[in-house]
Amino acid sequence: MRECLEREIERIVVEAMEGLNRPDLYRRPLVAFSSAADARYTELKKIVGEWHLNPGELLPEAQSVVSYFVPFARRVVAEPRTAKDGSPLWGEAYVVINAHFERINAAVSAYLNGLGYVALPIRPTHTYDPKELKSMWSHRSAAAIAGLGAFGANRILITEKGSGGRFCTLLTSAPLSASPSPAPNRCLYVKNGSCGLCFNICPVKALAPNAFEKFACQDELNKNDARQRTATGYRADTCGKCISVCPLAYID
Numbered sequence: 089m090r091e092c093l094e095r096e097i098e099r100i101v102v103e104a105m106e107g108l109n110r111p112d113l114y115r116r117p118l119v120a121f122s123s124a125a126d127a128r129y130t131e132l133k134k135i136v137g138e139w140h141l142n143p144g145e146l147l148p149e150a151q152s153v154v155s156y157f158v159p160f161a162r163r164v165v166a167e168p169r170t171a172k173d174g175s176p177l178w179g180e181a182y183v184v185i186n187a188h189f190e191r192i193n194a195a196v197s198a199y200l201n202g203l204g205y206v207a208l209p210i211r212p213t214h215t216y217d218p219k220e221l222k223s224m225w226s227h228r229s230a231a232a233i234a235g236l237g238a239f240g241a242n243r244i245l246i247t248e249k250g251s252g253g254r255f256c257t258l259l260t261s262a263p264l265s266a267s268p269s270p271a272p273n274r275c276l277y278v279k280n281g282s283c284g285l286c287f288n289i290c291p292v293k294a295l296a297p298n299a300f301e302k303f304a305c306q307d308e309l310n311k312n313d314a315r316q317r318t319a320t321g322y323r324a325d326t327c328g329k330c331i332s333v334c335p336l337a338y339i340d
């Protein structure tokens, strides 16, 4: 029964994504599962901060966590590395998928609700306090716990399809089987120190091997957001340079 649930959830995510019909922006999503009781969620209170919530603090009935990754198309992944400021294409992909996450999550929730389970989607973005920049949930950390990818330099999560894309999470009372294997760490900097391109490309020097200037990064995102609104009319506080320059940002 559990295997059927997981296969059906993956099918729903994939079909809902295909319904957007934007192959110029996205590729087939990856889906994985973790237990809401996994001890690594509690560890995030030490790694991220005490403000990071456990699945059970968000949904008391939570038994499982559904994580999925929507990888960007090659052209989307490539543009930020050469864009002077924020990449319009990356910004478009960010805005469009954030809106579509609501449809994907609604489809998965409807399926689970129909079986008598509770489901709670986590907002795809802006889950943080705008003053302190402290987020109550990390989609990438949940995805790592589910085995979708492993963290490289600068907390970039590299999956089997790369790191360029968007993650989302849904909590549920359904008893799903956790994905069996952790992802290998593909980051060249972590493996042997042979890369580090992400440190060098940051326009505000917010990145370092053992430090992250989050306020400097957010200031740059806000500037790009203002430029995007002027140029395209939509909001996209994005950059993407540190991901785009990674040799593993896009994997076929």
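Mapping of the sequence shown onto this note's numbering: position 177 corresponds to residue 265, and the numbering continues sequentially without gaps. Even glycine gets a Cβ: it sits at the ideal position worked out from N, Cα and C.
Requested in this report: May I ask which residues mark the beginning and end of the beta strand (DSSP E) holding ILE246?
Outcome: For ILE246, the enclosing beta strand (DSSP E) covers residues 245 to 247.
Query raised in the report: In terms of alpha-carbon separation, which member of SER229, GLU103, ARG191 lies closest to ARG115?
Result: With distances taken between Cα atoms, ARG115 lies closest to GLU103.
Requested in this report: Kindly identify the DSSP beta-bridge partner or partners of ALA238.
Outcome: DSSP, once it has assigned bridges, lists ILE246 as partnering ALA238.
Requested in this report: Round the Cβ separation of VAL196 and LEU177 to the nearest angstrom and send it over; I've been treating them as touching at under 8 Å.
Outcome: Contact between VAL196 and LEU177 fails: their C-beta atoms lie close to 28 Å from each other, not under 8 Å.
Query - Sequence ranges, alpha helix (DSSP H) only - wholly within the stretch 253 to 303, length at least 4 - result: Taking 4 residues as the shortest admissible run, the stretch 253 to 303 contains the following complete alpha helix (DSSP H) segments, listed from N- to C-terminal end: 276 to 280, 285 to 289.
Query raised in the report: Between the Cα of LEU108 and the Cα atoms of VAL158, ALA241, LEU208, which residue gives the shortest distance?
Result: If we check each option's Cα against that of LEU108, VAL158 comes out closest.
Requested in this report: Measure the C-alpha to C-alpha separation of TYR216 and ASP307 and round it to an integer number of angstroms.
Outcome: C-alpha of TYR216 to C-alpha of ASP307: approximately 15 Å in a straight line.
Requested in this report: Using alpha carbons as the reference points, say which of TYR182, ALA161, ILE244, SER261 lies closest to ALA207.
Outcome: Checking every option, the nearest Cα to that of ALA207 belongs to SER261.
Query raised in the report: Between which two residues does the beta strand (DSSP E) containing PHE121 stretch?
Result: PHE121 -> beta strand (DSSP E) spans 118 to 123.
Query raised in the report: Is the stretch 276 to 293 touching the stretch 179 to 195 in the sense that three or more CB pairs, one from each, lie closer than 8 Å?
Result: Touching, no, given that fewer than three Cβ pairs across the two stretches are closer than 8 Å.
Query raised in the report: In whole angstroms, what is the alpha-carbon distance linking ASN186 and CYS283?
Result: Each residue's alpha carbon lies about 30 Å from the other.
Query raised in the report: In chain order, what residues of the same chain have a beta carbon less than 6 Å from the beta carbon of ILE233, not counting five sequence neighbours either side?
Result: Apart from the 5 residues on each side of it in sequence, ILE233 sits with its Cβ closer than 6 Å to the Cβ of SER122, ASP126, ARG128 in its chain, given in chain order.
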